[in-house]
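Colleague: Chains as they are written, first to last, in this note's numbering: chain A, 1 to 224; chain B, 1 to 224.
The beta-carbon is built from N, C-alpha and C at its ideal position, and this holds for glycine as well.
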DNA sequence: CGTCACATTGAACCTCTTCAAGCGCCGTGG
DNA sequence: CCACGGCGCTTGAAGAGGTTCAATGTGACG
């Protein structure tokens, strides 16, 4: 097993949970689409965004970074429901109260969009249709994740990497934006299994691991 | 291991895939809500409703029976994405084409609702909002299913039973509407594991199995 | 330099799968 | 009418894959 000569980038996985530092509120945008309706809020690593049970009066868009949603009601090990990367919307489950909690997995910028602000707009019918499209997209993502969880460990990890690659503009070098624990909790595996699987894929030169938070897919097509 | 003196009901799990027999089309309803916009179509057991790749020009509501959605693209063992019971809507994933296939698991009646018919109505803004609510509900269901798949075999089966109970009006005796294979493919287990787990739960008198397609939860609260 | 969080690696254990056999119900046909 | 065969379900024993427990490695920061 080759010892990795790690050259870590600036994505240092380090807990720096200072309080959230809201950027000053900009005047309400008159933009046509849901995004960019407000200035993004900056979050540190592992900072909560909302909790299960909170009133669900806003939806959210990831400007940069990464957000995990999870369920606290079920005791035992943490189980992630979803991961959201730059460009993704979350908090779309509907209902009066959130059914999951949301936290950043790394330093992130998040747009917070009040539902009332959406509905108050002249073009609110278009907004609802926009919301519908976003929710349907999240549904498709959840269903694809379901399929992934019906497979074995190696296929889960590979599926995760391919999904991440697709969501990160198709580059072969992808930034994970999260720790092994997040990956494991998202895939229903242990961190040991995730680590071993990645190591094996690297030893088979299917991937490279320049640093723990970076993965290079040497042959994305081969991974299927 | 007590031999079960099975007294089969009329839910005989038997292939009887006669051709679909559409009920005569009723005049377009002027009802206020999405459901009951058309007369239901009757399907036999294991009959396809739509296939992955078909144009998604309709949404569907289960009047009675049960529908499974699954993915055929990934080779290997069949993997169910979702199960829909009486009262549930499906086909809400959005997009121009279906990303899953849908089949009945048992004789069923299904409402087929054209999207165009929805959008053509005077109150189509309300219809879209209705669609949004239904899609968000399906999303919540998919996310709950995700959580289930992150657990062990016994918890999956118990979670499945509790989910079914909740969806069948909270009665303690529930009809499964499907075979062990469907359950296994939905939970990511083998039929043997499902069968064994149910047998063990019965031997611990947590449940009773009057017939393979019927389950009685002796103490729903205890199962958590 | 020492500490801390995260990641990796090894070995024993356990759960679920795989393979195999048998049972019960039902429909069919001799 | 009963024998046969298909299908679904159950049960057992061996095997593989992932977890658990434990130790070590690595980089960042004070």
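Quick one: is residue 94(A) near chain B, going by C-beta distance under 9 angstroms?
Modeller: Position 94 of the first chain holds residue 94(A). With 9 angstroms as the cut-off, residue 94(A) counts as an interface residue toward chain B.
Colleague: Could you name the residues of the same chain whose beta carbon sits closer than 8 angstroms to that of residue 198(A), not counting the 5 residues immediately before and after it, in chain order?
Modeller: Here residue 198(A) corresponds to residue number 198 of the first chain, with the count starting at 1. Answer for residue 198(A): 157, 207, 209 and 215, listed in chain order.
Colleague: Taking C-alpha atoms, which residue in 211(B), 201(B), 212(B) and 213(B) lies nearest to residue 219(B)?
Modeller: Your numbering for residue 219(B) matches position 219 in the second chain. Here the closest residue by C-alpha is 201(B).
Colleague: Can you tell me the Cβ-Cβ gap for residue 109(A) and residue 38(A), rounded? I've got them flagged as a contact below 8 angstroms.
Modeller: The residue labelled residue 109(A) in the question sits at position 109 within the first chain. The residue labelled residue 38(A) in the question sits at position 38 within the first chain. At roughly 11 angstroms, the Cβ-Cβ gap does not stay under 8 angstroms, so residue 109(A) and residue 38(A) are not in contact.
Colleague: Checking contacts by CB at 9 angstroms: is residue 128(A) closer than that to chain B?
Modeller: Along the first chain, read from residue 1 onward, the residue named residue 128(A) stands at position 128. Output row for residue 128(A): interface = yes.
Colleague: Assign residue 169(A) to buried or exposed, taking buried as 16 or more other Cβ atoms, counted over all protein chains shown, within 10 Å of its Cβ.
Modeller: Your numbering for residue 169(A) matches position 169 in the first chain. Result: exposed.
Colleague: Tell me, to the nearest whole angstrom, how far the beta carbon of residue 85(B) is from that of residue 180(B); I am working on the premise that it is less than 8 angstroms.
Modeller: Position 85 of the second chain holds residue 85(B). Position 180 of the second chain holds residue 180(B). The Cβ separation is near 17 angstroms, so there is no contact.
Colleague: Does DSSP put residue 128(B) in a helix, in a strand, or in coil?
Modeller: Numbered from 1 along the second chain, position 128 holds the residue referred to as residue 128(B). Of the three classes helix, strand and coil, the one that applies to residue 128(B) here is helix, per DSSP.
Colleague: Can you find a C-beta in chain B that's less than 9 angstroms from the C-beta of residue 163(A)?
Modeller: Your numbering for residue 163(A) matches position 163 in the first chain. Not an interface residue.
Colleague: Which residues, taken in chain order from the region 136-150 of chain A, show a beta carbon closer than 8 angstroms to some beta carbon of chain B?
Modeller: Cβ contacts with chain B: 136, 137, 138, 139, 140, 142, 143, 145, 146, 147, 149 and 150.
Colleague: Using beta carbons (cut-off 9 angstroms, strictly below), is residue 194(A) in contact with chain B?
Modeller: Position 194 of the first chain holds residue 194(A). It does not; no Cβ of chain B falls within 9 angstroms.
Colleague: As a quick exercise: from 52(A), 142(A) and 97(A), pick the residue whose alpha carbon is nearest that of residue 73(A).
Modeller: Taking the first residue of the first chain as position 1, residue 73(A) is located at position 73. Comparing Cα-Cα distances from residue 73(A) to each of 52(A), 142(A) and 97(A), the minimum goes to 52(A).
Colleague: Among residues of its own chain, excluding the 5 on either side of residue 126(A), which ones have a beta-carbon nearer than 6 angstroms to its beta-carbon?
Modeller: Counting from one through the first chain, the residue named residue 126(A) turns up at place 126. Around residue 126(A): no qualifying Cβ.
Colleague: Note down the Cα distance separating residue 212(B) from residue 178(B), rounded to an integer number of angstroms.
Modeller: Along the second chain, one-based indexing puts residue 212(B) at 212. Along the second chain, one-based indexing puts residue 178(B) at 178. Using only the alpha carbons, I get a separation of about 9 angstroms.
Colleague: The alpha helix (DSSP H) that contains residue 155(B), what's its start and end?
Modeller: What you label residue 155(B) is simply residue 155 of the second chain in a count that begins at 1. Start and end: 153-167.
Colleague: Along the beta strand (DSSP E) that carries residue 173(B), what are the first and last residues, could you check?
Modeller: As a first step, residue 173(B) is located in the second chain; it is residue number 173 there, counting from the start. Residues 173-175.
Colleague: Along the chain, where does the alpha helix (DSSP H) that runs through residue 198(A) open and close?
Modeller: Reading the first chain from its first residue, position 198 is the one you call residue 198(A). 191-203 is the extent of the alpha helix (DSSP H) around residue 198(A).
Colleague: Can you look up residue 179(B) in the DSSP assignment and give me helix, strand or coil?
Modeller: As a first step, residue 179(B) is located in the second chain; it is residue number 179 there, counting from the start. Reduced to three states, the DSSP call for residue 179(B) is coil.
Colleague: Compare the C-beta of residue 125(A) against all C-beta atoms of chain B and say whether one is closer than 9 angstroms.
Modeller: As a working note, residue 125(A) is residue 125 in the first chain. Interface residue, yes.
Colleague: For the region 64-78 of chain B against the region 126-141 of chain B, are there 3 or more C-beta pairs whose distance is under 8 angstroms?
Modeller: With a cut-off of 8 angstroms, the region 126-141 of chain B and the region 64-78 of chain B do not count as touching, because too few Cβ pairs lie within range.
Colleague: Under three-state DSSP, which class holds residue 137(B)?
Modeller: For the purposes of this step, residue 137(B) is identified with residue 137 of the second chain, where counting begins at 1. In this structure, residue 137(B) counts as helix in the three-state DSSP scheme.
Colleague: For the alpha helix (DSSP H) that contains residue 115(B), what are its first and last residues?
Modeller: Along the second chain, one-based indexing puts residue 115(B) at 115. 115-119 is the span of the alpha helix (DSSP H), which, as asked, contains residue 115(B).
Colleague: Please state if the CB of residue 79(A) and the CB of residue 114(B) are separated by a distance shorter than 9 angstroms.
Modeller: The count along the second chain starts at 1 and reaches residue 114(B) at position 114. The count along the first chain starts at 1 and reaches residue 79(A) at position 79. Going by C-beta atoms, residue 114(B) is not nearer than 9 angstroms to residue 79(A).
Colleague: Quick one: does residue 154(A) have its CB under 9 angstroms from some CB of chain B?
Modeller: Along the first chain, read from residue 1 onward, the residue named residue 154(A) stands at position 154. Answer no: the Cβ-Cβ gap between residue 154(A) and chain B never drops below 9 angstroms.
Colleague: Going by DSSP, which residues form a beta bridge with residue 186(B)?
Modeller: Within the second chain, residue 186(B) is the residue found at index 186, counting from 1. Partner(s): none; residue 186(B) has no beta bridge.
Colleague: Would you say residue 67(A) reaches chain B, if we count a Cβ-Cβ gap shorter than 9 angstroms as a contact?
Modeller: Residue numbering aside, residue 67(A) sits at position 67 when the first chain is read from its first letter. No, residue 67(A) does not count as interfacial toward chain B.
Colleague: Should residue 184(B) and residue 191(B) be called a contact, given that it needs their Cβ atoms to be closer than 9 angstroms?
Modeller: Position 184 of the second chain, counting from 1, holds the residue named residue 184(B). Position 191 of the second chain, counting from 1, holds the residue named residue 191(B). In this structure, residue 191(B) lies closer than 9 angstroms to residue 184(B) by Cβ.
Colleague: CB residue 56(A) to CB residue 98(A), shorter than 9 angstroms?
Modeller: Here residue 56(A) is taken as the residue at index 56 of the first chain, counted from 1. Here residue 98(A) is taken as the residue at index 98 of the first chain, counted from 1. It is a contact, given that the beta carbons lie within the stated cut-off.
Colleague: My assumption, with CB atoms under 8 angstroms, is that residue 137(B) sits in contact with residue 91(A). Please give the rounded CB distance.
Modeller: Along the second chain, one-based indexing puts residue 137(B) at 137. Along the first chain, one-based indexing puts residue 91(A) at 91. Contact flag wrong, Cβ pair sits at about 15 angstroms.
Colleague: Taking CB distances under 9 angstroms as the criterion, tell me whether residue 71(B) reaches chain A.
Modeller: In the second chain, residue 71(B) corresponds to position 71, counting from 1. Cβ-Cβ to chain A under 9 angstroms: yes for residue 71(B).
Colleague: Kindly list the residues whose CB is nearer than 8 angstroms to the CB of residue 204(B), restricted to its own chain and excluding five residues on each side of it in sequence; keep chain order.
Modeller: Against the second chain, residue 204(B) aligns to sequence position 204. Within the same chain, residue 204(B) has no close Cβ partners at all.
Colleague: Just the C-alpha distance for residue 145(A) and residue 187(A), rounded to the nearest angstrom, thanks.
Modeller: In the first chain, counting from the first residue as 1, residue 145(A) sits at position 145. In the first chain, counting from the first residue as 1, residue 187(A) sits at position 187. If I take the Cα positions, the gap works out to 9 angstroms.
Colleague: At 7 angstroms on the CB atoms, spell out the chain A contacts of residue 131(B), in chain order.
Modeller: The count along the second chain starts at 1 and reaches residue 131(B) at position 131. Correct list: 132.
Colleague: Going straight from the alpha carbon of residue 195(A) to that of residue 159(A), what length do you get?
Modeller: The residue you call residue 195(A) lines up with position 195 of the first chain. The residue you call residue 159(A) lines up with position 159 of the first chain. Each residue's Cα considered, the two are about 15 angstroms apart.
Colleague: Who are the near neighbours of residue 58(B) in its chain, counting only those whose CB is closer than 7 angstroms to its CB and skipping five residues on each side?
Modeller: Numbered from 1 along the second chain, position 58 holds the residue referred to as residue 58(B). The residues are 91, 112, 113, 114 and 115.
Colleague: Quick check on residue 62(A) - is its C-beta less than 9 angstroms from some C-beta in chain B?
Modeller: Numbered from 1 along the first chain, position 62 holds the residue referred to as residue 62(A). It does not; no Cβ of chain B falls within 9 angstroms.
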